[in-house]
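From first to last, the protein sequence lines are chains A and B.
Each residue of the first sequence is one higher than the one before, starting from 120 at the first, in the working numbering.
Each residue of the second sequence is one higher than the one before, starting from 120 at the first, in the working numbering.
The beta-carbon is built from N, C-alpha and C at its ideal position, and this holds for glycine as well.
Okay, so here's the structure we're looking at.
2 protein chains.
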Amino acid sequence: MDRDRPIGVFDSGIGGLTVAHALMAALPHERILYFGDTARLPYGTKSSATVAGYAAQITEFLLRRDVKMLVVACNTMAAVALPAIVAMSPVPVVDVLDAGARAAVASRSGRVGVLATLTTVNSGAYERAIHEYRPDFTVVSQACPLFAPLVEEGWLDHPVTELTAQEYLKPVVAEDVDTLVLGCTHYPLLKPLLARLVGPDMTLVDSAHTTAMRVLELLTSWNLCRTAPCHVQEHEYFVTDLPQRFRAVGALCLGRPLPDVHLVHW
Amino acid sequence: MDRDRPIGVFDSGIGGLTVAHALMAALPHERILYFGDTARLPYGTKSSATVAGYAAQITEFLLRRDVKMLVVACNTMAAVALPAIVAMSPVPVVDVLDAGARAAVASRSGRVGVLATLTTVNSGAYERAIHEYRPDFTVVSQACPLFAPLVEEGWLDHPVTELTAQEYLKPVVAEDVDTLVLGCTHYPLLKPLLARLVGPDMTLVDSAHTTAMRVLELLTSWNLCRTAPCHVQEHEYFVTDLPQRFRAVGALCLGRPLPDVHLVHW
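Next up, the structure:
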């Protein structure tokens with residue numbers, strides 16, 4: 120297989136750029152094709168069947184572009200569509216949910232909290248993934264449907280966000296967890312606020328970095344690492360809604376302008 | 120034209136049921152076909168071009184079902200797609216945005232505030248609609264992107280919602296308006312909280328009732344009123360995501376179960 124082929128990274132919208140950013144930092148040689156389904160987001164409030172249909176369509180799109188690996192940078196898609204994505208894909212698939220579960224099992228107390236979207240929580244996927252590594256662990260899940268809209272509003276450190284977070288955290292903290300998985304790619308942007316609320320003894324798992332490490336591990340073991348250096352201009356971004364807003368918020372996520380954003384008409 | 124044909128009512132999701140509810144109350148003889156694009160909602164954060172494309176698709180769907188009138192029960196679609204909908208439609212079109220503007224011009228001070236989605240505010244459609252009736256009026260618009268998620272979370276009277284509303288209302292109230300248009304069909308569910316915050320001297324315009332009155336007026340003047348009584352079981356609902364959630368929240372909106380919800384595969 121041609122090692123210079125790109126890695127396909129996809130999300131319902133913009134949150135997955137936190138994963139793309141971690142990949143670019145950890146694997147600066149690799150070229151990224153990023154897909155954000157901005158015309159149909161969010162996925163986290165929609166049914167499994169609908170999300171799985173969208174995921175299949177995006178997978179097909181990226182496979183046609185000859186990627187050497189797929190990174191599911193959306194917890195909701197990973198929660199409800201991973202078997203279908205894996206079945207369609209002739210190339211390896213890495214997903215943020217499994218990465219989050221792998222990091223969570225470092226918990227010393229064996230009690231883990233998961234903050235995620237409604238669809239992810241309803242799927243029970245985090246419980247299953249964590250129990251695959253540690254069947255003895257206790258997993259407490261909490262849907263946080265307002266976190267993504269609050270992040271999109273830019274209220275990262277706002278009294279409304281703090282009050283909302285207190286409300287969502289209350290039942291999870293009451294269960295004496297020592298680890299909290301940020302189970303949606305929007306949530307790492309709330310990490311400073313959440314860390315302040317839960318205190319220094321709680322481990323916050325942000326799966327972006329863990330995902331990048333998993334990608335690096337797989338590329339290395341399969342001898343698929345790209346050797347030629349990659350310039351930031353070589354990364355490509357595909358979105359389904361007009362790219363103005365994606366470009367603006369995306370530049371904040373990545374810390375630099377996004378030169379090449381293509382509109383996909385579906 | 121056959122007066123027994125149904126009225127097509129459409130929205131990005133569930134909010135338009137507040138309009139359908141007002142129609143059922145004011146015109147109990149009429150049969151409603153309701154369409155909610157639950158697989159692609161919300162529209163209020165998406166580009167005009169994308170929303171207009173979705174609106175055209177829904178319009179075509181309802182026209183093929185032989186409706187005698189279209190009711191655009193979504194301010195965002197009315198704001199960015201009304202000319203396209205009207206151009207496609209051989210039957211009369213009534214929309215919530217025009218209904219809201221008609222009600223707003225009863226303001227005594229001539230200073231009107233509009234609370235709406237980002238896309239509606241960016242379109243400037245409320246300013247244009249109000250100025251069409253009263254060019255001398257001052258219109259102050261405020262995007263409230265968190266209101267719809269808060270309503271969907273069911274936090275209708277919650278400290279988080281109150282704090283959010285205070286933040287959004289501050290710049291509008293500072294402009295000395297005497298009338299506040301609830302320019303998104305989710306917002307009437309926040310009316311009690313908003314009324315408490317702005318006090319009894321502010322008129323809150325909820326366009327659902329005004330829309331129903333406009334429909335009644337047009338049906339009467341065109342001699343299109345249905346004569347046969349309509350049973351609640353005759354109304355039909357079409358959604359694009361699995362109908363479980365729509366059915367549950369919809370029953371709350373309408374005060375009775377929704378028997379007939381069809382899934383449309385797009």
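Residue-level contact by beta carbon fails for residue 298 of chain A and chain B, as no gap is shorter than 8 Å. Annotation: residue 354 of chain A to residue 149 of chain A spans about 9 Å, alpha carbon to alpha carbon. One Cα belongs to residue 358 of chain B, the other to residue 250 of chain A, and the distance between them is close to 36 Å. Counting only Cβ-Cβ distances below 8 Å, residue 289 of chain B has no contacts in chain A at all, with the closest Cβ about 13 Å away. Counting only residues of its own chain and dropping the five nearest sequence neighbours on each side, residue 370 of chain A has a CB closer than 7 Å to the CB of 376 and 377.
The residues 219, 222, 223, 298, 299, 300 and 301, in chain order, have a CB closer than 8 Å to that of residue 324 of chain A in the same chain once the five nearest residues on each side in sequence are set aside. Within the stretch 345-361 of chain A, those residues whose Cβ lies closer than 7 Å to any Cβ of chain B are, in chain order, 360 and 361. DSSP, read as helix, strand or coil, puts residue 381 of chain A in strand.
Of all alpha-carbon atoms in A:177, A:227, A:185 and A:159, the one lying nearest the alpha-carbon of residue 321 of chain A is that of A:227. Residue-level contact by beta carbon fails for residue 377 of chain B and chain A, as no gap is shorter than 8 Å.
Assignment of residue 369 of chain A by DSSP, reduced to helix, strand and coil, places it in the helix class. Taking all protein chains in view, the Cβ of residue 350 of chain B is surrounded by fewer than 16 other Cβ atoms within 10 Å, so the residue is classified as exposed. Leaving aside the five residues that flank residue 295 of chain A on each side, the residues in its chain whose CB is nearer than 8 Å to its CB run, in chain order, 228 and 230. In the structure shown, residue 185 of chain A falls within a coil segment according to DSSP collapsed to helix, strand and coil.
Pairing residue 265 of chain B with residue 283 of chain B gives a Cβ-Cβ distance under 8 Å. The beta carbon of residue 147 of chain B sits closer than 8 Å to those of 348 and 349, all from its chain and outside the five residues before and after it, given in chain order. At least one C-beta of chain A is nearer than 8 Å to the C-beta of residue 165 of chain B. In the structure shown, residue 230 of chain B falls within a strand segment according to DSSP collapsed to helix, strand and coil. Here residue 194 of chain B is buried, its C-beta having at least 16 other C-beta atoms within 10 Å. Comparing C-alpha distances from residue 238 of chain A to each of A:336, A:167, A:330 and A:328 shows the shortest one belongs to A:167.
Of all residues in the stretch 166-179 of chain A, the ones placed with a Cβ closer than 7 Å to any Cβ belonging to chain B are 166, 168 and 169, in chain order.
Contacts with chain B (Cβ-Cβ distance below 7 Å) from the stretch 146-162 of chain A involve 158 and 159, listed in chain order. Interface with chain B (8 Å Cβ-Cβ cutoff): residue 312 of chain A is excluded. Distance from the CA of residue 374 of chain A to the CA of residue 332 of chain A, rounded to the nearest whole angstrom, comes to 21 Å. According to the DSSP secondary-structure assignment, residue 126 of chain A is paired through a beta bridge with A:151 and A:188. Taking every protein chain shown into account, the CB of residue 185 of chain B has fewer than 16 other CB atoms within 10 angstroms, so this residue is exposed. Under the three-state reduction of DSSP, residue 210 of chain B is assigned to coil, being neither helix nor strand.
In the structure shown, the three-state DSSP call for residue 219 of chain A is helix. Counting the other Cβ atoms within 10 Å of the Cβ of residue 276 of chain B gives fewer than 16, which makes it exposed.
Here residue 170 of chain A really is in contact with residue 200 of chain A; their C-beta atoms are around 6 Å apart, less than 8 Å. In this structure residue 178 of chain B is buried. Its beta-carbon is surrounded by 16 or more other beta-carbon atoms within 10 angstroms.
In chain order, 260 and 262 place their CB closer than 6 Å to the CB of residue 240 of chain A, counting only its own chain and leaving out the 5 sequence neighbours on each side.
If you check the CB distance, residue 368 of chain A and residue 133 of chain A come in under 8 Å. Rounded to whole angstroms, the separation of the alpha carbons of residue 217 of chain B and residue 330 of chain B is 8 Å. Residue burial is scored here from C-beta neighbours: residue 328 of chain B has at least 16 other C-beta atoms within 10 angstroms and is therefore classed as buried.
Interface flag for residue 278 of chain A against chain B is set, since a Cβ pair is found closer than 8 Å.
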